[in-house]
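Reviewing the structure listed below.
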Amino acid sequence: MLIRLVLLLAFTSPAAADEPLTARYSYARNSDFFATGATLAISTDSDNNVDTFVMPNSVQVGVNEVPTGAVLQQALLYWGGTVLDFGDCDTTQVSTIDDDVSLAVPGGPGFVNVVADDCYCAGGENTNYDLQACRADVTTEANGAITGVWSVGDFEAFLDNGSTHNASFAIVLIYGAPDLPQRRITIYDGVQTMRLNSLTFTLDQLEVDDPPNGDLTWYVLEGDEGGSDTEEVRVSGFPNGGDLQLSDPDNPPNNPMNRTINTTVPPQVGVTGVDIDAFDISGALAAGDTAVEVTYTADSDKWWPVFNIVGVNIFFAAFQTASSHTWELLLDSDNDGVPSVGDTVRFDVELTNEGTGGATVELDVDLDPSVEDWALVTDGGGTDDSTAGALRVVDIDVPAGSTVTVSYDIDISAQAEGSTVAHQAQYFAEPDGVGGILVAPDLVIGDPIGDDDDAGDDDDASDDDDILPDDDDASDDDDDDTGSTPRRRGCGCDASGGTGLFGLLVLGLRRRR
956 MLIRLVLLLA FTSPAAADEP LTARYSYARN SDFFATGATL AISTDSDNNV DTFVMPNSVQ
1016 VGVNEVPTGA VLQQALLYWG GTVLDFGDCD TTQVSTIDDD VSLAVPGGPG FVNVVADDCY
1076 CAGGENTNYD LQACRADVTT EANGAITGVW SVGDFEAFLD NGSTHNASFA IVLIYGAPDL
1136 PQRRITIYDG VQTMRLNSLT FTLDQLEVDD PPNGDLTWYV LEGDEGGSDT EEVRVSGFPN
1196 GGDLQLSDPD NPPNNPMNRT INTTVPPQVG VTGVDIDAFD ISGALAAGDT AVEVTYTADS
1256 DKWWPVFNIV GVNIFFAAFQ TASSHTWELL LDSDNDGVPS VGDTVRFDVE LTNEGTGGAT
1316 VELDVDLDPS VEDWALVTDG GGTDDSTAGA LRVVDIDVPA GSTVTVSYDI DISAQAEGST
1376 VAHQAQYFAE PDGVGGILVA PDLVIGDPIG DDDDAGDDDD ASDDDDILPD DDDASDDDDD
1436 DTGSTPRRRG CGCDASGGTG LFGLLVLGLR RRR
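Using this note's numbering, you'd call the opening residue of the sequence shown number 956 and step up by one each time.
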């Protein structure tokens, strides 16, 4: 089954136009994340209410915050604060949301304008102001930068010395590194008014790693200084994990939203109008847990969560590195060593799981229009669900550390003479939701051995849409050393180019378009 990200909301008095925090991004990778930020407004008198902008303002991501050799995969910029009321976010009225700011990245040329991909609004249970939160993908602007100084300015918020007025920004960095564990990272964002209510997130269809490890980071607008017995954040693992009430020396268990940023060194306290805090949630988890639940509870203090990020180490299948899609000339009817009319070519799709968890895979191959006759040879232990024009095998079980092969033969017909046969195998693995494409090298009908454009060249392509592509493709043109007519071979691989067959089961099923 697909991974389901379920958002459960429980309100006693919902705001009129709040945007519920919803799962916007979810990754299953050898990755991790780091989030931090800064206020964009301060108080210049003794009432602790914001009355003056401090822009641009900056935050530094230190070299100790990410592992050595970390590579940026995605950077997200958030900014939020109070804006003049426009009828509790009434879309028929003129919006006061500011959907662009200026950003300077570490090592960059200076400030550039950034326009939001999405903006959200909350009525805020107030007739004087609304709350806005915006997000922009700034991966391109970051140009690979992670550590260093990030600065934001030109945010037009509404500040009038109100007790809940605020303006701030946060930066979220998703990065990869060779030694990172496999994690499920999910980012929920929006903007919601929290007052006398609760908000619960459930991330399920997991298999928590052994030993269990997880983290949670939130970005909240206007964390009040005062606390209460019922303001809290709790994390629970299911079915075997425990219940953990989050706190640290700067965030009391009954007052976690108290104007702190604990992701900077040193942690900041008394930060007007914003909370950005990270916590280790491993204590709530048990190895093998299949779900993690996070619950925010507010009392009379009012605050607005903008994002909630959960990262959990998981058992996870990984196919992107060593899986391949190859072909070889199986039957050379005229003994000319060239794929030509009357010959039979075998394609092998090898699904190699280098991850820590097993998977059930669905495999689809759209056959080239020039293919008239073909046969599924090896189903990899799955179920054949093919049609005349498309190969489809479902329910292929691929345990961790194993390779399963699906093979099919095509007969080269007269209509294919002089053409190029191009095949892509698309796979989707559950329960982790990882998919990718394995591209076989072009099969050129009539292409002589040794031609510079032959099917064995290293010009294949592959992709995995849940993990960054690997460029270490390989292919093989080795001749058969038996002394018989050499076989033509081609390899479309994610990395290794290996072609070892796995338990061929000849079904003898031949299809004609």
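Note that beta-carbon positions come from the ideal geometry of N, C-alpha and C, so glycine has one too.
- From the listed residues Val-1188, Asn-1083, Ile-1367, Ala-1030, the smallest Cα separation to Ala-1233 is found for Val-1188.
- DSSP, reduced to helix, strand and coil, places Gly-1103 within a strand of the structure shown.
- Within its own chain, the residues whose Cβ lies closer than 6 Å to the Cβ of Phe-1383, once the five positions on either side in sequence are excluded, are Glu-1317, Gly-1390, listed in chain order.
- Between Asp-1319 and Ala-1277 the beta-carbon gap is near 20 Å, outside 8 Å, which marks them as no contact.
- For Ala-983, the uninterrupted beta strand (DSSP E) segment begins and ends at 974 to 984.
- Inclusion of Ser-1279 and Ala-1239 in the CB contact set at 8 Å is not warranted, their separation being larger than that value.
- Closest in C-alpha terms to Thr-1311, from the list Asp-1291, Gln-1275, Ala-1077, Pro-1354, comes Pro-1354.
- When C-beta atoms of the segment 1301 to 1309 are compared with those of the segment 1360 to 1380, three or more pairs fall below 8 Å, so the two segments count as touching.
- The straight-line gap separating the alpha-carbon atoms of Arg-1090 and Asp-1054 is approximately 9 Å.
- According to DSSP, residue pairing for Thr-1307 in a beta bridge involves Thr-1358.
- Secondary structure at Gln-1200: strand, using DSSP grouped into helix, strand and coil.
- In this chain, the alpha helix (DSSP H) harbouring Glu-1096 covers 1094 to 1097.
- Where Trp-1282 is concerned, the enclosing beta strand (DSSP E) starts and stops at 1279 to 1286.
- A straight line joining the alpha-carbon of Leu-1114 with that of Asn-1152 spans about 26 Å.
- In this structure, the CA atom of Val-1376 is about 20 Å from the CA atom of Asn-1290.
- Assigned with DSSP and collapsed to three states, Gly-1145 falls in strand.
- Under the three-state reduction of DSSP, Gln-1137 is assigned to coil, being neither helix nor strand.
- If you compare the alpha carbons of Thr-1307, Leu-1176, Ala-1395 with that of Asp-1144, the shortest gap goes to Leu-1176.
- Only buried fits Ser-1341, as 16 or more other CB atoms lie within 10 angstroms of its CB.
- Counting the other CB atoms within 10 Å of its CB gives Thr-999 a total below 16, which places it among the exposed residues.
- The C-beta separation of Gly-1196 from Trp-1258 comes to about 27 Å, leaving the pair out of contact by the 8 Å criterion.
- Separation of the CB atoms of Leu-1286 and Pro-1294 is rounded to 10 Å, and the pair is thereby denied contact status at 8 Å.
- Here Gly-1373 is not near Ile-1351, since their CB atoms are 8 Å or more apart.
- Cβ-Cβ distances below 6 Å link His-1120 to Val-1005, Thr-1037, Leu-1114 in the same chain, with the five nearest sequence neighbours on each side left out; the list follows chain order.
- With a cut-off of 8 Å on Cβ pairs, the segment 1153 to 1171 is in contact with the segment 1263 to 1272, counting three or more such pairs.
- Shortest Cα-Cα distance from Asn-1003 to any of Asp-1159, Gly-1117, Gly-1401 involves Gly-1117.
- A contact between stretches requires three or more CB pairs, one per stretch, nearer than 8 Å, and the segment 1121 to 1139 fails this requirement with the segment 1070 to 1080.
- Going by beta carbons, Gly-1108 and Pro-1011 fall inside the 8 Å limit.
- In the DSSP secondary-structure assignment, Ala-1077 is bridged to Leu-1086.
- Boundaries of the beta strand (DSSP E) around Phe-1156: 1153 to 1158.
- Annotated as distal: Gly-1024 and Ile-1216, with beta-carbon spacing of 8 Å or more.
- Only buried fits Asp-1244, as 16 or more other CB atoms lie within 10 angstroms of its CB.
- Pro-1208 is bridged by DSSP to nothing; it lacks a bridge partner.
- For Gly-1238, the three-state secondary structure derived from DSSP is helix.
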